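Protein chains in written order, with my numbering: chain A, 11 to 395; chain B, 404 to 467.
Every residue, glycine too, gets a C-beta built ideally from N, C-alpha and C.
Bear in mind the structure is a predicted one, so any value in this text is a computation, not a measurement.
Now the structure itself:
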């Protein structure tokens, strides 16, 4: 009959062996993480480290962040602008721990953000290269920006019908609508919401479905606005996916993004027209309409100036003509000391018509002289008036 | 139903009228009409900037 020892004796021996080998030592490992469970209230994070051969998991161990290192998870999300979530490959420093009841795990002490960022940069570069290669409408410009079918579309003169892609009850949705609805110029807008989640693995597909719905909608939208709030949930992974970026690049209605991050530009931003925040997109829309109205008022001003100038010109012409008429009237002439000569009640303009001994009337300003011509001679004396 | 005029169309109509006025070759007889047209275009744009609901209703009817 075998001699059995108590479980605790064996476990104690395992514990002692592990302790001897690993106590006080830390190790850097590189591994994929999965089954990530965050308990933000307690500031714990449980996960599994795995290694795969193809799709088969060949190595697996539990991992944990305790409250004293939980900030590493938060910093990771802040630095890389992606959620600390299953599927990531990370490099981190760990300590081997053994608990007599809960077994073996790796306590994570620090994450190497630079590794994660570097890896993301490479993926981003590859995605951008693939977009240029596979979508003929996308060109890389010399300034590092991208020209796409979408961001080459003309913006409308006035924005009024807006398709808003947003997460329900989100900060981004609230900020955007607040600026739009309370604009001080009183412009009116029709905003139709296309609600979707904007982060997580399914987000890219769901956003594309909503864009498809916008295309099929009866109302013809002037613009599509994609917004999300900033804040701590900084997962932009879906906005860096090839499929969504490619879809946006070819979308037939101009897309304005305000996806709430101030340091990084997502690939979707590059394919559309980027504004940093939902508030900025809304302000851009209002300013655009205001600019139209200003042009309109300028035109109105020009119109009335033109009309006034036309009327003034006409008035001046009238005044001029009436002055000429007035100055050539007989009354004006008489006032100046000239006389009108009548014979047989007809005005005489040719002196040849008058002979000596003819009776003529000389009409002056206030009186008429009835006279008989007693002498005629050529006017040589009074020609120098 | 009166179709909805675009802002671009209204603006270019107005520009045309302003052009004619500034050209000064216009018949004064037609000035009153031009003023009326211009005022209507300006009012149309100003109103539409601030009241879109009517357009949406029209569109729904036209498309539906």
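query	result
Where residue 407 (chain B) meets chain A, residues with beta-carbon distance less than 8 Å	Per Cβ cutoff of 8 Å: no residues; residue 407 (chain B) is ~11 Å from chain A at best.
8 Å CB neighbourhood of residue 313 (chain A) in its chain, flanking five on each side removed	none
Cα-Cα separation, residue 288 (chain A) to residue 296 (chain A)	13 Å
Whole-angstrom distance between residue 366 (chain A) and residue 392 (chain A), CA atom to CA atom	20 Å
Burial state of residue 226 (chain A), where buried means 16 or more other Cβ atoms lie within 10 Å	exposed
Burial state of residue 467 (chain B), where buried means 16 or more other Cβ atoms lie within 10 Å	Confidence at residue 467 (chain B) is low in this model, with a pLDDT of 38, below 50, so its placement is unreliable and the value that follows should be read with caution. By the neighbour-count rule (16 or more Cβ atoms within 10 Å), residue 467 (chain B) is not buried but exposed.
Under the three-state DSSP convention, the category residue 132 (chain A) falls into	helix
Sufficient close CB pairs (3 or more, under 8 Å) joining the segment 78–95 of chain A to the segment 49–56 of chain A	yes
At least three beta-carbon pairs within less than 8 Å, the segment 91–103 of chain A to the segment 26–45 of chain A	yes
Own chain, CB closer than 8 Å to residue 206 (chain A), minus 5 neighbours either side, in chain order	175, 176, 177, 213, 216, 217, 219 and 220
Spatial neighbours of residue 389 (chain A) in its chain, beta-carbon cut-off 7 Å, leaving aside the 5 residues before and after	none
Per-residue DSSP class, three states only, for residue 372 (chain A)	strand
Cβ shell of residue 452 (chain B) (< 6 Å), same chain only, five flanking positions each side left out	none
First and last residue of the uninterrupted alpha helix (DSSP H) at residue 335 (chain A)	288–337
Cβ contact check for the segment 62–79 of chain A and the segment 114–125 of chain A: 3 or more pairs under 8 Å	yes
Identity of the residues DSSP links to residue 103 (chain A) by a beta bridge	A:38 and A:120
Test item: CB-CB of residue 238 (chain A) and residue 189 (chain A) under 8 Å	no
Rounded straight-line distance, which links the Cα of residue 307 (chain A) to that of residue 427 (chain B)	21 Å
Integer Cβ distance of residue 256 (chain A) from residue 141 (chain A), believed to fall under 8 Å	6 Å
Alpha carbon of residue 166 (chain A) to alpha carbon of residue 232 (chain A), nearest angstrom	6 Å
Sub-8 Å separation of residue 285 (chain A) and residue 291 (chain A) beta-carbons	yes
Backbone CA spacing between residue 187 (chain A) and residue 62 (chain A) [nearest angstrom]	46 Å
Cβ distance (whole Å) where residue 123 (chain A) is taken to contact residue 89 (chain A) below 8 Å	4 Å
Range of the contiguous beta strand (DSSP E) that encloses residue 379 (chain A)	378–382
Listed by chain order, chain B residues near residue 330 (chain A) by CB distance under 8 Å	Ordered by position in chain B, no residue passes the 8 Å Cβ test against residue 330 (chain A), which lies about 16 Å from the chain.
Environment of residue 66 (chain A) [buried if 16+ CB atoms lie within 10 Å]	exposed
Alpha carbon of residue 191 (chain A) to alpha carbon of residue 105 (chain A), nearest angstrom	54 Å
Coil, strand or helix - residue 72 (chain A) by DSSP	strand
C-alpha distance - residue 323 (chain A) paired with residue 164 (chain A), whole-angstrom precision	42 Å
Proximity below 8 Å, CB of residue 246 (chain A) to CB of residue 91 (chain A)	yes
Proximity test, Cβ basis, 8 Å: residue 425 (chain B) and chain A	yes
Own chain partners of residue 150 (chain A) with C-beta closer than 7 Å, once the 5 adjacent residues on each side are dropped	142 and 156
When A:387, A:260 and A:298 are compared against residue 160 (chain A), the one with the closest alpha-carbon	A:260
Nearest-angstrom Cα separation, counted from residue 58 (chain A) out to residue 95 (chain A)	11 Å
For residue 416 (chain B), three-class secondary structure by DSSP	helix
Cβ distance (whole Å) where residue 344 (chain A) is taken to contact residue 375 (chain A) below 8 Å	5 Å
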